[in-house]
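Accompanying notes for the structure given below.
Protein chains: 2
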Amino acid sequence: MVGRGLAGRLAGLGHDVVVGTRVVEETRARTDPDAMGNPPYAEWEQANPAVRLVPFAEAGVHGELIVNATAGAGALPALEAAGAANLAGKVVVDVANPLDFSQGMPPSLSVCNTDSLGEQIQRAFPDARVVKTLNTMNAHVMVDPSRVPGRHTVFLAGEDAAAKETVKGLLREFGWPEEAIVDLGGIPAARGTEMYLPLWLSLYATLGGGDFNIQVVKA
Amino acid sequence: MVGRGLAGRLAGLGHDVVVGTRVVEETRARTDPDAMGNPPYAEWEQANPAVRLVPFAEAGVHGELIVNATAGAGALPALEAAGAANLAGKVVVDVANPLDFSQGMPPSLSVCNTDSLGEQIQRAFPDARVVKTLNTMNAHVMVDPSRVPGRHTVFLAGEDAAAKETVKGLLREFGWPEEAIVDLGGIPAARGTEMYLPLWLSLYATLGGGDFNIQVVKA
């Protein structure tokens, strides 16, 4: 859903967007909703004809900027399939959280505390310019911050200052005002934004839905 | 510092407060600042004569309500010394975070992801009524939320509804408005508030100080 939300919004803004998958015909052949009750991809594709579905490697070649919106555990294999050579020098926007549903609900994190998914991706693809962002809210708020009233915050972390400027530009296209964007520094700060997820999940349960965010308030 | 901040503020509000320690004379004999540069206890004690320093067990007997403001790793031994029988039936307010500085800065958490310090305390003292709160901000903001302008949030987690009401009363005494208090449910929600600490530490470094907090903003 996160990938679809970002792809649809980016296409709507006039970007040339493809979605990568393992086997295109398998993804397109699914007719049942997924485990979360989301409609099958084919249904979404019909409503979003501008977004082409292609194999991971083709998506790796196509993208000037790559978004990792896989489920956490699938991130490294998907990016490997996209091709390390295709990622080299490019901005890789990592919006994923390393959620582990294998022990049931609520999910735990498959990596945390002394490492993070953002760091794992940067280490696995040292020539990619990884920027962690948008992983602290649901897919709707990511691409339309006005769904939540008033001021609220989006975080950035990454080693490459120019890559972070590129990502800030995308965030502004989505509607994020400059003062909402908090740059936390290098990619190790991805730990904090990923480890916020258990609090997000508690708030989701408490508030009865995902259309919320946090605002950092400073003295 | 968290314990001193809470003890001083509670005494100022008219509560009868004691601070527990392992060996009173050793605590009082220290003359050097601690590792964080905080002045020795004796200096604070002179400025706060209403707050008596007593052995943990005496603090356990004295308190109608017990606050755990130890460093994370010291929590269970300190509460053990306070005495399980003394804690039985009482509200135990856990404001600590299980920070592990043994690998240097930034600290990691000594427990997280599938467990939390709050849950460990509740399991170790099943007859205590543990409430996790205030661990998502610095000691100054805890007891004086007006240090941070505008609206911002304090979380509660615990199994005992009446204990949470008691703690809400204390929070209101500190100046927290009703709408700032978000009850996240049972004690497992302590995981989320403790795992927020790495993001708090990133924000501390980014903002250049600890006088900040987060506000949950809902659609």
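In order, the protein sequences belong to chains Z and R. Under our numbering, the first residue of the first sequence is numbered 18, with each subsequent residue one higher. Under our numbering, the first residue of the second sequence is numbered 18, with each subsequent residue one higher. We put the beta carbon where it would ideally sit given N, CA and C, even for glycine.
(request) Taking all protein chains shown into account, decide if D111 (chain Z) is buried (16 or more other Cβ within 10 angstroms of its Cβ) or exposed. (result) Your numbering for residue 111 (chain Z) matches position 94 in the first sequence. Under this definition D111 (chain Z) is a buried residue.
(request) May I ask you to report which of helix, strand or coil DSSP gives Q232 (chain Z)? (result) Position 215 of the first sequence, counting from 1, holds the residue named residue 232 (chain Z). If DSSP states are grouped into helix, strand and coil, Q232 (chain Z) belongs with the strands.
(message) Contact criterion: CB-CB distance below 7 Å. Does T48 (chain Z) meet it with respect to chain R?
(response) By 1-based counting over the first sequence, the position of residue 48 (chain Z) is 31. Closer than 7 Å: no.
(message) Which residues in chain R have a C-beta closer than 8 Å to the C-beta of R164 (chain Z)? List them in chain order.
(response) Position 147 of the first sequence, counting from 1, holds the residue named residue 164 (chain Z). Residues of chain R passing the Cβ test: A236.
(request) Kindly say whether Y221 (chain Z), judged by its beta-carbon, lies nearer than 7 Å to any beta-carbon of chain R. (result) Locating residue 221 (chain Z) in the first sequence gives position 204, where the first residue counts as 1. Taking Cβ atoms only, chain R never reaches closer than 7 Å to Y221 (chain Z), which makes this a no.
(request) Look at A113 (chain R) and G89 (chain R) and say whether their C-beta atoms are less than 7 Å apart. (result) Numbered from its first residue, the second sequence carries residue 113 (chain R) at position 96. Numbered from its first residue, the second sequence carries residue 89 (chain R) at position 72. Yes, they are a contact pair.
(request) Name, please, each residue of chain Z whose Cβ falls closer than 8 Å to the Cβ of A98 (chain R). (result) As a first step, residue 98 (chain R) must be located in the second sequence, where it is residue number 81. Ordered by position in chain Z, no residue passes the 8 Å Cβ test against A98 (chain R), which lies about 28 Å from the chain.
(request) Put S125 (chain Z) into one of helix, strand or coil per three-state DSSP. (result) For this step, residue 125 (chain Z) is matched to residue 108 along the first sequence. Reduced to three states, the DSSP call for S125 (chain Z) is strand.
(request) Kindly indicate which three-state DSSP category R69 (chain R) falls into: helix, strand or coil? (result) The residue you call residue 69 (chain R) lines up with position 52 of the second sequence. If DSSP states are grouped into helix, strand and coil, R69 (chain R) belongs with the strands.
(request) Note down the Cα distance separating L126 (chain R) from L116 (chain R), rounded to an integer number of angstroms. (result) For the purposes of this step, residue 126 (chain R) is taken as the residue at position 109 of the second sequence. For the purposes of this step, residue 116 (chain R) is taken as the residue at position 99 of the second sequence. Cα-Cα distance, rounded: 5 Å.
(request) Please say whether F73 (chain Z) and A9 (chain Z) have beta carbons closer to each other than 7 Å? (result) Residue 9 (chain Z) lies beyond the stretch modelled for chain Z, which goes from 18 to 236, so this question has no answer here.
(message) Taking the beta strand (DSSP E) that T38 (chain R) belongs to, which residues open and close that run?
(response) Counting from 1 along the second sequence, the entry for residue 38 (chain R) is found at position 21. Its beta strand (DSSP E) spans residues V35 to T38.
(request) Could you check if L218 (chain Z) is buried or exposed, using at least 16 other CB atoms within 10 Å of its CB as the buried criterion? (result) One-based indexing of the first sequence puts residue 218 (chain Z) at position 201. L218 (chain Z) comes out buried.
(message) So, under 8 Å CB-CB, L104 (chain Z) and T183 (chain Z) are touching, yes? Tell me the CB distance rounded to an integer number of Å.
(response) Within the first sequence, numbered from 1, the residue matching residue 104 (chain Z) stands at position 87. Within the first sequence, numbered from 1, the residue matching residue 183 (chain Z) stands at position 166. So it is not a contact: roughly 15 Å between Cβ atoms.
(request) Find the nearest neighbour of K107 (chain Z) within the set Z:L188, Z:P166, Z:A207 and Z:V84, judged by alpha-carbon distance. (result) As a working note, residue 107 (chain Z) is residue 90 in the first sequence. Among Z:L188, Z:P166, Z:A207 and Z:V84, the Cα nearest to that of K107 (chain Z) belongs to Z:V84.
(request) Answer with yes or no whether the minimum CB distance from V233 (chain Z) to chain R is below 7 Å. (result) Within the first sequence, residue 233 (chain Z) is the residue found at index 216, counting from 1. Chain R contact via Cβ: present.
(message) Please tell me whether F191 (chain Z) and V160 (chain Z) are closer than 7 Å, where the distance is taken between their beta carbons.
(response) Numbered from its first residue, the first sequence carries residue 191 (chain Z) at position 174. Numbered from its first residue, the first sequence carries residue 160 (chain Z) at position 143. Cβ atoms of F191 (chain Z) and V160 (chain Z): closer than 7 Å.
(message) Check whether chain R comes within 7 Å of R208 (chain Z), counting only Cβ atoms and requiring the distance to be less than that.
(response) Numbered from its first residue, the first sequence carries residue 208 (chain Z) at position 191. So yes, R208 (chain Z) belongs to the interface.
(message) Can you pull the chain Z neighbours of H32 (chain R), defined as C-beta to C-beta under 7 Å?
(response) Locating residue 32 (chain R) in the second sequence gives position 15, where the first residue counts as 1. Simply none; closest approach about 26 Å.
(message) For G106 (chain Z), would you say it is in contact with chain R, using Cβ-to-Cβ distances shorter than 7 Å as the test?
(response) Position 89 of the first sequence, counted from the start, is the residue given in the question as residue 106 (chain Z). No, because no Cβ of chain R sits closer than 7 Å to the Cβ of G106 (chain Z).
(message) To test your reading of the DSSP string, which unbroken alpha helix (DSSP H) runs of 4 or more residues are found completely within the stretch 147-179 of chain R?
(response) 156-160
(request) Classify L82 (chain Z) as helix, strand or coil using the three-state DSSP reduction. (result) If you number the first sequence from 1, residue 82 (chain Z) lands on position 65. Looking at L82 (chain Z) - three-state DSSP - the assignment turns out to be strand.
(message) Does chain R have any CB closer than 7 Å to the CB of H157 (chain Z)?
(response) Locating residue 157 (chain Z) in the first sequence gives position 140, where the first residue counts as 1. No, H157 (chain Z) lies away from the interface with chain R (no Cβ there is under 7 Å from its Cβ).
(request) Using a cut-off of 7 Å between C-beta atoms, extract the partners of P215 (chain R) located in chain Z. (result) On the second sequence, position 198 is the one that residue 215 (chain R) refers to. Within 7 Å Cβ-Cβ: R208, G209 and M212.
(request) Express the C-alpha separation of G20 (chain R) and D16 (chain R) in angstroms, rounding to a whole number. (result) With chain R running from 18 to 236 in the structure shown, residue 16 (chain R) is simply not present.
(request) With 7 Å as the threshold, decide whether the Cβ of L82 (chain Z) is near any Cβ in chain R. (result) By one-based count along the first sequence, residue 82 (chain Z) stands at place 65. Chain R, which has no Cβ nearer than 7 Å to the Cβ of L82 (chain Z), makes this no.
(request) Using a Cβ cut-off of 7 Å (strictly closer), state whether S119 (chain Z) contacts chain R. (result) Along the first sequence, read from residue 1 onward, the residue named residue 119 (chain Z) stands at position 102. Output row for S119 (chain Z): interface = no.
(message) Can you list, in chain order, the residues of its chain with a C-beta nearer than 7 Å to that of A92 (chain R)? Leave out the 5 residues immediately preceding and following it.
(response) As a position in the second sequence, residue 92 (chain R) is number 75, starting the count at 1. Excluding residues within five positions, the ones whose Cβ falls inside 7 Å are N85, A113, L134 and I138.
(request) Counting only runs of 4+ residues fully inside the stretch 86-142 of chain R, write out the alpha helix (DSSP H) ranges in chain order. (result) 92-99, 101-104 and 134-141
(message) Please report the straight-line C-alpha distance between A174 (chain Z) and D132 (chain R), rounded to a whole angstrom.
(response) What you label residue 174 (chain Z) is simply residue 157 of the first sequence in a count that begins at 1. What you label residue 132 (chain R) is simply residue 115 of the second sequence in a count that begins at 1. Roughly 27 Å between the two C-alpha positions.
(message) Short of 8 Å Cβ to Cβ, which residues in the stretch 183-201 of chain R face chain Z?
(response) V199, D200 and L201
(request) Using the DSSP secondary-structure output, state which residues sit across from D200 (chain Z) in a beta bridge. (result) The sequence position of residue 200 (chain Z) within the first sequence is 183, counting from 1. Per DSSP, Z:L173.
(message) Counting only beta-carbon separations shorter than 7 Å, does F73 (chain R) have a partner in chain Z?
(response) Along the second sequence, one-based indexing puts residue 73 (chain R) at 56. Answer no: the Cβ-Cβ gap between F73 (chain R) and chain Z never drops below 7 Å.
(request) Look at the Cβ atom of E136 (chain Z), then the Cβ atom of A207 (chain Z), and state whether they are nearer than 7 Å. (result) Counted from its first residue, the first sequence places residue 136 (chain Z) at position 119. Counted from its first residue, the first sequence places residue 207 (chain Z) at position 190. Cβ atoms of E136 (chain Z) and A207 (chain Z): closer than 7 Å.
(message) Please identify the residue among R:K149, R:R45, R:G31 and R:F142 whose C-alpha is closest to the C-alpha of V271 (chain R).
(response) Outside the shown range of chain R, which is 18 to 236, sits residue 271 (chain R), and nothing can be said about it.
(request) For G167 (chain R), return the contacting residues in chain Z, with the cut-off set at a CB-CB distance below 7 Å. (result) The residue labelled residue 167 (chain R) in the question sits at position 150 within the second sequence. Residues of chain Z passing the Cβ test: V234.
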